[in-house]
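Trainee: Chains A and B, in that order, give the protein sequences. Each residue of the first sequence is one higher than the last, beginning at 676 in the working numbering. Each residue of the second sequence is one higher than the last, beginning at 3 in the working numbering. Where a beta carbon is used, it is the ideal one built from N, C-alpha and C, also for glycine. The structure is given below, and queries will be raised subsequently.
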Amino acid sequence: MVREGRGGHLKRLNLCMPITLYLANDTSARAAGADRLAAAWADVPDVHVVRTSSRGAFFLEPLVERDGPEGRVLWPRAKPDDLARIRNGAGGISLAEVPFLAQQQRAVFARFGTAQPLSLEEYRANGGWRGWERANNLPPEAIIAEMKSSGLRGRGGAAFPVWHKWEIARRTSADQKYVVANADEGDAGTYCDRMIMEGEPFRLIEGMLICAKAVGADRGYIYCRWEYPAAAATMQAAIAEVERTGMLTIDKHPFRLEVFRGAGSYVCGEETALLSSLEGGRGMVKVRPPYPAVAGLHGKPTVVSNVLTFGTVVEIMARGADWHAALGTVGSKGLIALQLGGRIRQPGLVEIPFGATLAEVLERFGGGMAEGSRFKAVQVGGPLGSLFPESQLHIPLCFDTFNEAGAVLGHGGIVVFDDQTDMVELARHYMTFTADESCGKCTPCRIGSVRARELLERIEGGSGTAGDLDLLADLGDTMKATSLCAHGGRAPYPILTAIEHFGDEFRRRLPSNGPNGTADRRGRNVP
Amino acid sequence: MNVTINGQPVQAEPGETIYAVATRLGIAIPSLCASVHLSPYGSCRLCLGEIAGLKGLHTTCSLPARDGMIVNTESEQLTKHRRNLIELYLSERAESEPLGELSDLAKRYGVTQVRYASGARRAAVRDESNPFFVFDNQRCISCARCVRACDEIQPAFAISMVKAGFSIRPAWGATGLNSQDGVASSTCVSCGACVKECPTGALTEKTILEGGRPTNRVRTICAYCGVGCTLEAGVRDGRVVSMVPADDGPSNQGHACLKGRFGWTYNYAEDRVRTPLLRDGTGWKVIGWEQALNLIARSFSRIKEQSGPDALAAISSSRGTNEENYLFGKFIRCVMGTNHIDNCARVCHSATVTGMMETLGASAATNSIRDLSDAKLLLVVGANPTESHPVLGARLLQLAHRGIPLLVIDPRRTEIARAATIHLQLRPGTNVALLNGFGHVIASEGLLNRTFIEERTEGVEDWLATVKEYPPESVERLTGVPAEQIRLAARMYATSGASLSVHGLGVTEHRWGSHGVMALCDLALATGNIGRPGTGINPLRGQNNVQGASDSGCLPTHFVGYQLLDDPIAAARHESLTGRPLPSRRGMKIPDMWDAALDRRLKGLWIIGYDVAQTDPNLKKVREALSRLEFLVVQDLFVSQTAKFAHLLLPSASFLEKEGTFTNLERRIQRIRKAVDPPDGILPDWQVACEVSTRMGFPMRYGHPSEIMDEIAALSPMLAGVSYARLEQPQALQWPVPDKEHPGTSLMHRERFARGKGKFVAVDYLAPGEQASEEYPFVLVTGRLLEHYNCGAQTRRTDIVKLVNSDVLEMHPDDMARLGFNKDQLVRLVSARSSAVMPVSSSDRVRPGELFTTFHFPDTDVNSLLSSSADESSKCPEYKVSTVRIEPVDLENLDPTDDAKRRVVRSRIKAPSERAVAWVAGDG
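See the structure below:
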């Protein structure tokens, strides 16, 4: 064997064919070290590193791939020194050997990991742009009928039937209409929108074109959260590329699409706050009605949809509504893109039909708990999602079952907590998040979140009372029922589900008997 | 639409929210952040209701009513949530005084306890930088009603919500985020809408903080401008402590401006005249009422005997009531047997009177204020409504923001001009040319309304022949307005479907003012933009009762209700009611009175509530005339400039201290009501007239002003159906009211014009009285600022002087640079008549070669500069065009008694570059 090492590869130069290695340039992959690999191999003359989208199996990153006779060969968690091995083709595995990937039923994410994000040629060659080509030859009503048959419900969290929103916008007459992609993706633990923007930007453009045609819009915005600079830059480059080819048109009329970067506000993921921000104002939630589909950006009919929703629209137009409607459950058709994170072995993107249970997902795809961890709870749907203890993992992942359980699928984020997690601290953390990100318009969230945080801080610090827990429940009821948007409306859920399932942790923190006996009375009288 | 609210079936109008329906019908739904004047916000959540068929709870303040909707706003769960929400509000501040509506709700819902132990509290931010109100963040609930009021009603956009989450609060201007004088640095115009909207008293009037909350409220009408806002005087312990606009005021609908809202404290000024004063050298001697009244009667009788009745005249007050004005007219006609009575309409809208009488046969607004909302295009000619008629100006801005096209014709780039779709910035004095230019475009492009012209007008041929000579290119040369703009604007006016015109003193106060009015009326006749909702010719009458003063017969040329002096029916009625004949010979107009006084033909003059010696033009002449009178009686609230020439000064009761009526610019006769007693037994002016008349042998006795109104109604067909009983309804009555059953007239000339057919009067452009010359190269326009009212007699005696305390000369920055002047430097204006010293300021509202200033401060003596150039027919003075030169002032040579150099200039006028720098630097 030729000796490995720095100079080794130079010796091999004359003996080997140039090789192409595929490496994701997705931000998570880069965080895992992909850039270090790329930098280490940059000067190797016969090694051509191609940056691609990520497969979303983040436990495998940095993942190096080569083309083999039967498809791609994978080297998970590669290091710079692995180059020789990789060059020899030794130690690689096939896709089929990665159950995490093999057991998924990918459609939106089917091609992730294979192509260069900014190559429109590759995108089209691999099957992209078909959805738009088909939609472009259909009248708007037909496109919307397709959406209706597909049963597609929005993926941002509200799960509103997509066709209905588009139909309202189509039917509202105005001299200007807009399509807006909600790329604010604020939930910690979610990343599928980022993956799409960084990995298959043309998919988002394609989905927005389809929508624009259906509703009669000729302008679009991608509201991208500030914290996704790479996604914003990639989208801008992709837009420029499509414009350059003259393909960013609808019925020969240019479709003006721009990227707009947010400024760090979580609540700008809520559509009316997003539109306010897009107009140059404060990101504050507005009362609805009017709904944006009727009067949105600058008072004009506007469809605001999540990035993944647009991504799915592309598949529906390309493969047909029936394909989509045949997957999933009665109330939740199609596929869901779950983003696993937390203390599991295999964090990453899982695209499967609706209907699998939480337990199945955590086991089959999450691969069980990380080394040395024991399962305690899992939060689904972002920082305002409900906590599920071990006893409740049999719940199927669909909109309606979750709704009945007072929970939400949200944007598909799934974060797993282990037995090292202090539930009181976790609850306090989430309520602090709610208070910090509150826009401040409505009283139950503006003041309620601070009062709830203070109660939890006291409990956490050991000076809480049983009365505080009752008060939290009462306040939580009011926040749920009366808040202007889901920020305040969902805020009590992590806390109240934590108390429900881990109540002992809370009660243990209360001093055994206050000076006055059982429940201390706090507060003051009103003059 | 049929809607059920809490089991009660109700009718909803299209577009109404559930909350609006409920409020209209008196069904109480709790709320703190909702207001019928403002767009819904959704902050307090108290108004939530259950809607059958919809999940969850919905804010009734924002939910549009739909046919068949079933709403429930009362339930156990809703009560529980409301209590929790109220408790949250209470928890964010320490225990303190009552919090207005929040405290009321706490009582109503039995929230007697706050269960939260001490936690985060609202920041202790307090802004006292505005003279009239205070903002206290600790009483605030962040409902943003103030922000919305400032954005939607005024709109001044002075307030924003700053910070996010728990700490969110309103802040003013660019500095309000970090300082406590944000209000003063902002675009706030002190209209007080925010104070009115605030439900908790976080915004409170300083007068209430000092004087306490009112214990009763008296509904009355503002005594400043012709809009005639309905205000409620708040009274406590016999003193007025607040003036709050009434939501159901027909002309203002809950809005007001800083003058009516806060500028009433002159009522308690130290220097109010409290007793009759007799001239004693250069000073005064206090005398009793008996003695004073007898002296007037004796003196007038003597003059009449010795020199004949033409040696006496009266100038009545357009700020006094209709009843008072009528009685002064009655006095002159019945006691003197002449028509030598006039009022200040002479110097403002007299040209409107002559112009509209000739073309339409009636000289008041043809439509009403509410027509603004029906118009599809608004034309503002020679008026500055956001400063002179602010509540109307606010409505115009709201409409412009909503996309209604707005055309403004004005040499100055005023606030309304800035908001305009097209600002036709013409040279001063060229109105007729521009309006004829419009006519040319309308005629030559086939935009005439032939049907209307045929059926409703006469005389169009002459007009067509005249406007043919005014092609836009020629008009451009004369007026400076680009031809393309003229075309565009004319087309817009002619084709909008409903074009409404308002005009002001920028049309009338010219040598050819009547012509300007006629040219404007001609356009309305040519396009059929009159006699329908949303259209018309609408002069913006200035004073609170200038319309009424003329209506009541205080004119040398007409009797009550504009009846001709030689009308036999009017004369018969007059004689039968008074026992005296109606004098048929026309009397002296005010300028005639000055001429007569200079000749010593006029020996006695009675001036009520009008400061001619500050506000008339060519003040040197006026003052000389006054000084030659043998006996001058002045009735006023204060020792005015005119009073300095008086032999006898009588005190007056203010509008807060008497009963009567004012007629506003839309012909609406509205009741003023006595809120407090006048000091020291001052008699209201109408009683003074009665006393003097009785002592002169013509007894006049009325128990109450309503009897005077009954008499007016009996004498005038136009007002025949008016009575105090009928004026009790909030919308009062708009004349003509021909009989007791008639509901009043909001729209005039619907089927026929007052004179039958509308008459086209063709007029040609004629040059103004003065043109710029080498000796006097600048053209001076005089006018008003928002903050002060005319001669400032009232506003200078309020805290408004903390905002503006000097007349300022506005000059274009290029001229400033060319002449080497610095901001606030004192300069001298010199005209052919006189000179005046004042500070100069760079302004983007005027163009090079043009100047603007105001006449609010007597020390500046601006009107002495002006000539006697006046409208030929109406004698309306040419305040709007004078020529002057500017000289620097040598401070050493300044008259030591002139306090000009000590005056601190604080006004809102800023040059464009200054505006930008100030914004960046954060000082507004």
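#1: Does any CB atom of chain B fall closer than 7 Å to the CB of Ile1170(A)?
#2: Can you grab the Cα-Cα spacing for the pair Leu584(B) / Gly310(B), in whole Å?
#3: Leaving aside the five residues before and after Leu490(B) along the sequence, list all residues of the same chain whose C-beta is less than 7 Å from its C-beta, in chain order.
#4: Would you mind telling me which residues of chain A sit closer than 7 Å to Asn927(B), beta carbon to beta carbon, in chain order?
#5: What do you reckon, are the CB atoms on Ala500(B) and Ser876(B) nearer than 7 Å?
#6: Under the assumption that Arg697(B) contacts Asn296(B) (Cβ atoms under 8 Å), give the Cβ distance between them as a whole number of angstroms.
#7: Suppose the cutoff is 8 Å on Cβ atoms and the five residues either side in sequence are ignored; what does the same chain contact list for Val434(B) look like?
#8: Start and end of the alpha helix (DSSP H) containing Met870(A)?
#9: Do Ala800(A) and Thr727(A) have their C-beta atoms closer together than 7 Å?
#10: So Val1090(A) and Val1053(A) are supposed to be a Cβ contact under 8 Å. How far apart are they, rounded?
#11: Between Ser951(A) and chain B, is any beta-carbon pair separated by less than 7 Å?
#12: Give a yes or no on contact between the stretch 1104 to 1111 of chain A and the stretch 1078 to 1086 of chain A, applying the rule of three or more CB pairs nearer than 8 Å.
#13: In terms of residue numbering, what span does the beta strand (DSSP E) encompassing Ser884(B) cover?
#14: Buried or exposed, going by whether 16 or more other CB atoms sit within 10 Å of the CB of Arg1182(A)?
#15: List the residues of chain B whose Cβ lies closer than 8 Å to the Cβ of Asp1214(A), in chain order.
#16: With respect to the beta strand (DSSP E) encompassing Arg238(B), which residues constitute its N-terminal and C-terminal limits?
#17: Could you confirm whether any beta carbon from chain B is found closer than 7 Å to the beta carbon of Gly1192(A)?
#18: Checking 7 Å against the spacing of the C-beta atoms, do Pro879(B) and Val349(B) come in under that value?
#19: Below 8 Å on the Cβ atoms is my guess for Ile684(B) versus Arg276(B); work out the distance and round it to an integer in Å.
#20: Taking all protein chains shown into account, do 16 or more other C-beta atoms lie within 10 angstroms of the C-beta of Pro541(B), making it buried, or fewer, making it exposed?
#21: What span of residues does the alpha helix (DSSP H) with Gly1081(A) cover, start to end?
#22: Out of curiosity, what's the CA-to-CA distance linking Gln13(B) and Trp841(A)?
#23: Have a look at the DSSP bridge pairing and note the partners of His505(B).
#24: Helix, strand or coil: how does DSSP classify Ser552(B) here?
#25: Just checking: is the beta-carbon of Val149(B) within a distance shorter than 7 Å of some beta-carbon in chain A?
#26: Can you tell me the Cα-Cα spacing of Lys903(B) and Gly606(B), whole angstroms?
#27: By a C-beta neighbour count over all protein chains shown, 10 Å radius and 16 as the cutoff for buried, is Met872(A) buried or exposed?
#28: Hey, which unbroken runs of the beta strand (DSSP E) at 3 residues or more fall wholly within the stretch 738 to 824 of chain B?
#29: Out of Ala1045(A), His928(A) and Asp859(A), which one is the CA nearest neighbour of Leu953(A)?
#30: Helix or strand or just coil, what does DSSP make of Glu860(A)?
#31: Which residues does DSSP list as the beta-bridge partners of Val1025(A)?
#32: Is Leu1002(A) close to chain B? Criterion is C-beta to C-beta, closer than 7 Å.
#33: Would you tell me roughly how many angstroms separate the C-alpha atoms of Gln255(B) and Asp249(B), rounded to the nearest one?
#34: Determine the burial state of Gly357(B): buried for a count of at least 16 other Cβ atoms within 10 Å of its Cβ, exposed for fewer.
#35: Is Leu1131(A) close to chain B, meaning its C-beta is less than 7 Å from at least one C-beta of that chain?
#36: Any beta carbon of chain A sitting closer than 7 Å to that of Met3(B)?
Mentor: This is what the structure holds:
#1: Working through the first sequence from its first residue, we reach residue 1170(A) at position 495. Ile1170(A) does not count as touching chain B.
#2: For the purposes of this step, residue 584(B) is taken as the residue at position 582 of the second sequence. For the purposes of this step, residue 310(B) is taken as the residue at position 308 of the second sequence. Going by the C-alpha atoms only, they are around 17 Å apart.
#3: As a first step, residue 490(B) is located in the second sequence; it is residue number 488 there, counting from the start. So the list reads Ile424, once near-sequence residues are dropped.
#4: This structure leaves residue 927(B) out entirely; chain B is present only between 3 and 926.
#5: Taking the first residue of the second sequence as position 1, residue 500(B) is located at position 498. Taking the first residue of the second sequence as position 1, residue 876(B) is located at position 874. Not closer than 7 Å, so no.
#6: Counting from 1 along the second sequence, the entry for residue 697(B) is found at position 695. Counting from 1 along the second sequence, the entry for residue 296(B) is found at position 294. Correct: roughly 6 Å between the Cβ atoms.
#7: The residue given as residue 434(B) occupies position 432 in the second sequence. Answer for Val434(B): Trp514, His517, Gly518, Ala521, Val765, Asp766, Tyr767 and Leu768, listed in chain order.
#8: Mapped onto the first sequence, residue 870(A) falls at position 195. Met870(A) -> alpha helix (DSSP H) spans Cys867 to Gly874.
#9: Within the first sequence, numbered from 1, the residue matching residue 800(A) stands at position 125. Within the first sequence, numbered from 1, the residue matching residue 727(A) stands at position 52. Not in contact: Ala800(A) and Thr727(A) (Cβ atoms no closer than 7 Å).
#10: Position 415 of the first sequence, counting from 1, holds the residue named residue 1090(A). Position 378 of the first sequence, counting from 1, holds the residue named residue 1053(A). Confirmed, Cβ separation roughly 7 Å.
#11: As a working mapping, residue 951(A) is identified with position 276 in the first sequence. Answer no: the Cβ-Cβ gap between Ser951(A) and chain B never drops below 7 Å.
#12: no
#13: For the purposes of this step, residue 884(B) is identified with residue 882 of the second sequence, where counting begins at 1. Taken as a continuous stretch (DSSP letters only), the beta strand (DSSP E) holding Ser884(B) covers Ser884 to Pro890.
#14: Taking the first sequence and counting its residues from 1, one reaches residue 1182(A) at position 507. Burial call: exposed.
#15: The structure shown does not extend to residue 1214(A), since chain A spans only 676 to 1202, so no value can be given for it.
#16: The residue you call residue 238(B) lines up with position 236 of the second sequence. First-last of the beta strand (DSSP E) with Arg238(B): Thr232 to Arg238.
#17: For the purposes of this step, residue 1192(A) is taken as residue 517 along the first sequence, with counting starting at 1. Residue placement at Gly1192(A) cannot be trusted, given a pLDDT of 41 that sits under 50; the coordinates are not used to answer.
#18: One-based indexing of the second sequence puts residue 879(B) at position 877. One-based indexing of the second sequence puts residue 349(B) at position 347. Yes, the pair counts as a contact, with Cβ atoms nearer than the cut-off.
#19: Taking the first residue of the second sequence as position 1, residue 684(B) is located at position 682. Taking the first residue of the second sequence as position 1, residue 276(B) is located at position 274. With a Cβ gap of about 7 Å, Ile684(B) and Arg276(B) count as contacting.
#20: Position 539 of the second sequence holds residue 541(B). It is buried - the Cβ of Pro541(B) has at least 16 other Cβ atoms within 10 Å.
#21: For this step, residue 1081(A) is matched to residue 406 along the first sequence. It is not in any alpha helix (DSSP H) - Gly1081(A) carries neither H nor E in the DSSP assignment.
#22: On the second sequence, position 11 is the one that residue 13(B) refers to. On the first sequence, position 166 is the one that residue 841(A) refers to. Approximately 33 Å, taken between the alpha carbons.
#23: Residue mapping note: residue 505(B) aligns to position 503 of the second sequence, counting from 1. Val383(B) and Pro541(B), per the DSSP bridge assignment.
#24: By 1-based counting over the second sequence, the position of residue 552(B) is 550. Helix at Ser552(B).
#25: In the second sequence, residue 149(B) corresponds to position 147, counting from 1. Judged by the 7 Å Cβ criterion, Val149(B) is not in contact with chain A.
#26: Against the second sequence, residue 903(B) aligns to sequence position 901. Against the second sequence, residue 606(B) aligns to sequence position 604. Bear in mind that a pLDDT of 49 at Lys903(B), under 50, signals an unreliable position, so the number given afterwards is only what the model happens to contain. Lys903(B) and Gly606(B): Cα-Cα distance of roughly 39 Å.
#27: For the purposes of this step, residue 872(A) is taken as the residue at position 197 of the first sequence. Met872(A) should be labelled buried.
#28: 780 to 785 and 811 to 813
#29: By one-based count along the first sequence, residue 953(A) stands at place 278. That would be Asp859(A), whose Cα lies nearest to the Cα of Leu953(A).
#30: Within the first sequence, residue 860(A) is the residue found at index 185, counting from 1. Three-state DSSP puts Glu860(A) in coil, outside helix and strand.
#31: Residue mapping note: residue 1025(A) aligns to position 350 of the first sequence, counting from 1. Answer by DSSP bridge pairing, in chain order: Leu1013(A).
#32: If you number the first sequence from 1, residue 1002(A) lands on position 327. For Leu1002(A), the answer is no, since every Cβ of chain B falls outside 7 Å of its Cβ.
#33: To locate residue 255(B), count along the second sequence from 1; it is residue 253. To locate residue 249(B), count along the second sequence from 1; it is residue 247. In a straight line, the C-alpha of Gln255(B) is about 5 Å away from that of Asp249(B).
#34: Sequence index remark: in the second sequence, residue 357(B) carries index 355 (1-based). That one is buried.
#35: Residue 1131(A) sits at position 456 when you count from the first residue of the first sequence. Chain B, which has no Cβ nearer than 7 Å to the Cβ of Leu1131(A), makes this no.
#36: Here the question's residue 3(B) lines up with position 1 in the second sequence. Met3(B) does not count as touching chain A.
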